[in-house]
Amino acid sequence: DTEVTQTPKHLVMGMTNKKSLKCEQHMGHRAMYWYKQKAKKPPELMFVYSYEKLSINESVPSRFSPECPNSSLLNLHLHALQPEDSALYLCASSQIGRGVNGYTFGSGTRLTVV
Amino acid sequence: DAKTTQPNSMESNEEEPVHLPCNHSTISGTDYIHWYRQLPSQGPEYVIHGLTSNVNNRMASLAIAEDRKSSTLILHRATLRDAAVYYCILRVRTSGSRLTFGEGTQLTVNP
Chain A
94 DTEVTQTPKH LVMGMTNKKS LKCEQHMGHR AMYWYKQKAK KPPELMFVYS
144 YEKLSINESV PSRFSPECPN SSLLNLHLHA LQPEDSALYL CASSQIGRGV
194 NGYTFGSGTR LTVV
Chain B
2 DAKTTQPNSM ESNEEEPVHL PCNHSTISGT DYIHWYRQLP SQGPEYVIHG
52 LTSNVNNRMA SLAIAEDRKS STLILHRATL RDAAVYYCIL RVRTSGSRLT
102 FGEGTQLTVN P
């Protein structure tokens with residue numbers, strides 16, 4: 094299995110809702126990432142997990158709450174989002190090492206906040 | 002992170018080679034040069050990476066200048082499916098944990 098699977102593919106949520114995005118990989122990668130991508134812009138790093146521990150938080154608002162329950166799963170919990178949070182949310186994974194390996198990205202969850 | 006500079010857009014014709022340039026004049030000795038591409042409505046896809054020597058794989062070739070301050074991604078025969086945004090990214094050799102995207106180059110392939 095050489096894929097990163099993200100669910101759901103599309104999500105519409107109200108500003109008072111609570112929802113979660115899910116990401117799964119079975120490549121044995123011990124680093125996992127969340128990125129946010131607005132239309133016509135490059136992906137922006139949000140969080141990095143290394144060995145299931147949060148290692149980087151790029152000053153993301155607390156309405157986004159990541160979780161890594163095990164080495165194969167990564168969740169992003171969403172609460173009280175704003176319309177400007179509408180974007181494509183990408184999950185990625187990689188081996189941990191000397192920068193010798195590429196990242197594998199999922200196809201993303203397209204989130205619309207209404 | 003060291004910065005990369007790429008042209009905003011390039012055009013190519015189908016079945017012709019494409020050379021996508023990237024400048025990274027502030028590259029350090031510990032930086033790998035990575036290339037990714039993103040097709041419409043998809044996540045980024047790893048293409049190739051290198052440190053000092055030129056690299057080839059089934060998707061592309063990477064030519065790295067001797068001083069490492071620039072590199073070129075070479076698609077040997079462009080197809081319509083190669084139309085994408087191509088990102089050149091420097092990845093710190095030892096951290097293995099941060100990949101920072103620049104604006105990239107939008108490649109258009111004409112039939």
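In order, the protein sequence lines correspond to chains A and B. Take the position in the first sequence, starting the count at 1, then add 93; the result is the number in my numbering. Take the position in the second sequence, starting the count at 1, then add 1; the result is the number in my numbering. Don't be surprised by glycine CBs; every beta carbon is placed ideally from N, CA and C. The structure presented is a predicted model; accordingly, all values stated were derived computationally and were not measured.
- At a beta-carbon threshold of 8 Å, the residues of chain A lying near Gly-103/B are Pro-135, ordered along the chain.
- Under a 10 Å Cβ-count criterion, Ala-66/B is classified as exposed, with fewer than 16 other Cβ atoms of the shown protein chains found around its own Cβ.
- The beta carbon of Asn-55/B sits closer than 8 Å to those of Ser-62, Leu-63, Ala-64, Ile-65, all from its chain and outside the five residues before and after it, given in chain order.
- Taken in chain order, the unbroken stretches of beta strand (DSSP E) that lie wholly in the segment 130–163 of chain A and span 3 residues or more are 137–143, 146–150, 157–163.
- Distance from the CA of His-50/B to the CA of Pro-112/B, rounded to the nearest whole angstrom, comes to 28 Å.
- At a cut-off of 9 Å between C-beta atoms, Leu-171/A does not count as an interface residue with respect to chain B.
- Within its own chain, the residues whose Cβ lies closer than 6 Å to the Cβ of Pro-8/B, once the five positions on either side in sequence are excluded, are Thr-106, listed in chain order.
- Here Trp-36/B is not near Val-19/B, since their CB atoms are 9 Å or more apart.
- CA-to-CA, the gap between Lys-133/A and Val-86/B works out to about 10 Å.
- A Cβ of chain B is located within less than 9 Å of the beta carbon of Val-141/A.
- Interface residue (Cβ-Cβ distance to chain A less than 9 Å): His-25/B is not classified as such.
- With a cut-off of 8 Å on Cβ pairs, the segment 149–160 of chain A is not in contact with the segment 114–124 of chain A, counting fewer than three such pairs.
- Neighbours of Phe-157/A in chain B, taken as residues at a C-beta separation under 8 Å, are lacking, since the least C-beta distance is about 18 Å.
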